[in-house]
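Which chain is which? The protein sequence lines are E and B, in order. Per our numbering, the very first residue in the first sequence carries number -16; after that it's consecutive. Per our numbering, the very first residue in the second sequence carries number -16; after that it's consecutive. Beta carbons are placed, not taken as given, at the ideal position from N, Cα and C, and that holds for glycine. Data first, discussion second: the structure below is written as structure tokens.
2 protein chains.
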Amino acid sequence: MAVPQPLNIHAYMQDVGRRARAASWTMARAATALKNAALTGIAETIERNQQALLEANERDLAAGAGLDAALLDRLGLNPARVRAMADGLREIAALPDPAGEITGLHYRPSGIQVGRMRVPLGVIGIIYESRPNVTADVAGLTLKSGNAVILRGGSEALHSNQAIASCVHEGLAVTGLPRDAVQLVETTDRAAVGELLRMQDFVDMIVPRGGKGLVARISEEARVPVIKHLDGVCHVYIDDRADLDKAVAVAFNAKTQRYGTCNTMETLLVAEAVAPAALGRLGPMYREKGVELRGCRITCRLLPYAVPAAEDDWYAEYLAPILAVRVVRDLDQAIDHIRCYGSQHTDAIVTEDLTRARRFLTEVDSSSVMVNTSTRFADGCEYGLGAEVGISTDKLHARGPVGLEGLTSQKFVVIGDGHVRK
Amino acid sequence: MAVPQPLNIHAYMQDVGRRARAASWTMARAATALKNAALTGIAETIERNQQALLEANERDLAAGAGLDAALLDRLGLNPARVRAMADGLREIAALPDPAGEITGLHYRPSGIQVGRMRVPLGVIGIIYESRPNVTADVAGLTLKSGNAVILRGGSEALHSNQAIASCVHEGLAVTGLPRDAVQLVETTDRAAVGELLRMQDFVDMIVPRGGKGLVARISEEARVPVIKHLDGVCHVYIDDRADLDKAVAVAFNAKTQRYGTCNTMETLLVAEAVAPAALGRLGPMYREKGVELRGCRITCRLLPYAVPAAEDDWYAEYLAPILAVRVVRDLDQAIDHIRCYGSQHTDAIVTEDLTRARRFLTEVDSSSVMVNTSTRFADGCEYGLGAEVGISTDKLHARGPVGLEGLTSQKFVVIGDGHVRK
């Protein structure tokens, strides 16, 4: 498939933006049944076109032969992954429609009724890399929430993304919803990203997904509001009132279930009183798994194969089989550590003590706070959002995995009977 | 009262920010009863110190003798306005505490419980002009929601704001809550604003209140997220199925109850079929009230004293006794007009037709949409928010009047029993 390269990127992107805005008006008033029919239609089209999707993906993989193994792993499609895309769309179809929901409509002493209506944001821009399933997930979430979306995937996944976008367009066409509700930027020219970031008139929110450098650059340059996370320096704190079996299970899973994900634990904090017992069990498990341990002074004394951690290790998002380990006095010191070195992504406490659990949930200011649970659960699917557009560690608008609700806002609705203000 | 002018504004503001951040941690875990006791304590202190407040205000008014009348009106305090400040604080005390509220906690198929906890944003910065009651309103809302606040009022109101801030500090001191939870920037040096806008480490959200030029400049310069509105080009659309008595009452009130407020109607849209009847009644009323009418061709034919509107009039926020009037074919053309010229602030339809009311509420993308109600009701107090930190026409985070909820965000809480991800 030849990739058309428009000569004038500015004009091309303005046209994409203008069409997205127009489509967003139609999507905002589209009936729930119609949107659900499109979602299940797209799911069927994806399954029916599995072979074509895998062939397009083959082309991307062949062209990307020189890329690193982790990236190729994210880029690759197989029958199971194609099925997962289709299932994800059906799951989104089954969720309640957020658009138009009116809450809290109540009478004020003046006699007016005041409530809030949840409404689509309008046009969402997504800038992402490698994983083609993001194309289907994000198209599904934006469609369901009544938005239009402009997708800018990585050039390494262009053929896969185009094949998925064709399925999306087929599903939209059958229901009569506008094709422009889901547009894939078809140029690999990087100038297109710069254009997207500055189209305030046509784009309401940008979600960048990718490495920290990319995301930082995008949010620096953008004039459109950006929802993002930069780092995932996630902690597990093992309290001295922890059930040690749970502590070992959670701390091992949080580090080793997958190394390259943003919700993987990067620093383990252990209360002094249980450090010998907890690290005595966990240390050998990590060692056997090939996880390098970088510890504080006490950790290194307890585990002779741990190497001393430097100050930088407490800030590090390794995304690799490396773990920083620190023994702390108590919950207070654990909270202080997380406040100082954390990235407000996901942090967990393991404890049987109710008051300490409540304190941790309240005082740790992260987008997900957990009790007796592996940080690896911080994920739109696991939370029941159907999928996620991204994960936010920003405080405004949306925090944590961003699903349908994060693609909407609430406006006030006021109903009166000729009421005037005195 | 001598105003101390720090030599090094950067160092001064960094210190203010650092102390606000530290206070925000204490505020985030302050008990509801303690916060409410502080609010009622501040209300009492304000009432007890009415004389001192009025004297401080006299000093500002005397110094501002050369300022324009509208500004002096906003600046002035009197016993009724002092009482209103105290009552507002008691009303905020009576509202439910938003901080810590957990919603939607439900079991997922994996066995974990997932819900969301409402939490304070942290440190709020407010930049405002003239009206001293903002100092009390904003201190009250930020305190109740568990935030710390940095207040940067106008230099013309400095003595009044200092006197109110003293009352706030007295109320905080009695309850043992940190004084730094509410800090007034004590320098009139404009460099302090520039510093505030760039203190990402210490400030989580900025709300600028003031003229469009000021707000535009602040949001251009800020590195901290800004919640704002620039224009209030509010519309009332009189549908051909309107009850004309209600239409006349709403359209007259929306324009004439106050001219200088952002929720005042600036353009009146009237359906063709009822234009002669509606304008035949409203025209003389506006004329008698001294409201200049700038109309479309049909309006000028119906009302000989109307002057022809130019294209710019449809974009204008007059904040004055001037009204743009346009006769439109129907609801569709009214929605198109609002979409094209509106500022997404507050727009109202007058109709008895349910389907048209529903369409207007859904399709007009403004922070407040109203049926049979004067746009002048778009206000935190009228909506039951206690007061407002400002009004937002942004789409992300908060729309419309911003009260306690807009000063918080929601994080995910996850509770398990040693759950690990498969």
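Asked	Found
Which of helix, strand or coil DSSP assigns to residue 398 (chain E)	strand
Residue nearest to residue 333 (chain E) in terms of C-alpha spacing, selected from E:254, E:171, E:159, E:120	E:254
Contacts of residue 407 (chain B) in chain E (Cβ-Cβ under 7 angstroms)	Look at the range of chain B in this structure, -16 to 405, and you will see that residue 407 (chain B) is not part of it.
Sufficient close CB pairs (3 or more, under 8 angstroms) joining the segment 126 to 136 of chain E to the segment 101 to 114 of chain E	yes
Counterpart residues of residue 251 (chain E) in DSSP-defined beta bridges	E:219, E:308
Alpha-carbon spacing of residue 259 (chain E) relative to residue 303 (chain E), whole angstroms	25 angstroms
Cβ contact (3+ pairs, closer than 8 angstroms) linking the segment 166 to 185 of chain B and the segment 84 to 92 of chain B	no
Nearest candidate by alpha-carbon position, reference residue 143 (chain B), set B:72, B:287, B:344, B:59	B:59
Residues in the segment 3 to 15 of chain E having any Cβ partner in chain B nearer than 9 angstroms	8, 11, 12
Nearest-angstrom beta carbon gap, residue 370 (chain B) and residue 71 (chain B) [assumed within contact, 8 angstroms]	5 angstroms
Partner residues on chain B for residue 83 (chain E), Cβ-Cβ distance less than 7 angstroms	345
Simplified DSSP assignment, three categories, for residue 324 (chain E)	helix
Partner residues on chain E for residue 380 (chain B), Cβ-Cβ distance less than 7 angstroms	379, 380
Completely contained alpha helix (DSSP H) runs for the segment 44 to 88 of chain E, where each covers 4 or more residues	52 to 58, 62 to 77
Beta-carbon proximity list for residue 280 (chain E), same chain, < 8 angstroms, skipping 5 on both sides	291
Extent of the continuous alpha helix (DSSP H) run through residue 25 (chain E)	15 to 31
According to DSSP, residues forming a beta bridge with residue 92 (chain E)	In the DSSP output, where bridge partners are listed per residue, residue 92 (chain E) has none listed.
Any non-hydrogen atom of the ligand ADP within 7 angstroms of residue 135 (chain E) CB	As far as ligands go, the structure on display features none, and thus does not contain the ligand ADP.
DSSP bridge partner residues for residue 351 (chain B) (one or two, in chain order)	E:395, B:329
Chain A contacts from the segment 96 to 112 of chain E (Cβ-Cβ distance under 8 angstroms)	This model lacks chain A altogether, as its protein chains are E and B.
Minimum Cβ-Cβ distance from residue 185 (chain B) to chain E less than 8 angstroms	no
Spatial distance of residue 216 (chain B) from residue 177 (chain E) (CA atoms)	31 angstroms
As assigned by DSSP and simplified to three states, the class of residue 125 (chain E)	helix
Cβ neighbour criterion (16 or more within 10 Å) applied to residue 378 (chain B)	buried
Spatial distance of residue -15 (chain B) from residue -9 (chain B) (CA atoms)	Because the pLDDT at residue -15 (chain B) is just 46, under 50, the model does not fix this residue reliably, and the point stays unresolved.
For residue 355 (chain E) and residue 229 (chain E), believed in contact at Cβ under 8 angstroms, the rounded distance	5 angstroms
Within-8 angstroms CB hit, residue 229 (chain E) to chain B	yes
Between the CA atoms of residue 319 (chain B) and residue 342 (chain B) - distance to the nearest angstrom	13 angstroms
Contact under 8 angstroms by Cβ, residue 24 (chain E) with residue 154 (chain E)	yes
Neighbourhood of residue 399 (chain B) by C-beta, 6 angstroms cutoff - its chain only, sequence neighbours within 5 removed	95
Chain B residues whose Cβ lies nearer than 7 angstroms to that of residue 365 (chain E)	91, 93
Range covered by the beta strand (DSSP E) that runs through residue 131 (chain B)	131 to 135
Members of the segment 120 to 133 of chain E that neighbour chain B once the beta carbon cut-off is set at 8 angstroms	none
Beta-ladder partner(s) of residue 209 (chain E), from DSSP	E:189
C-beta neighbour in chain E for residue 232 (chain B), strict 8 angstroms	yes
C-alpha distance - residue 161 (chain B) paired with residue 69 (chain B), whole-angstrom precision	21 angstroms
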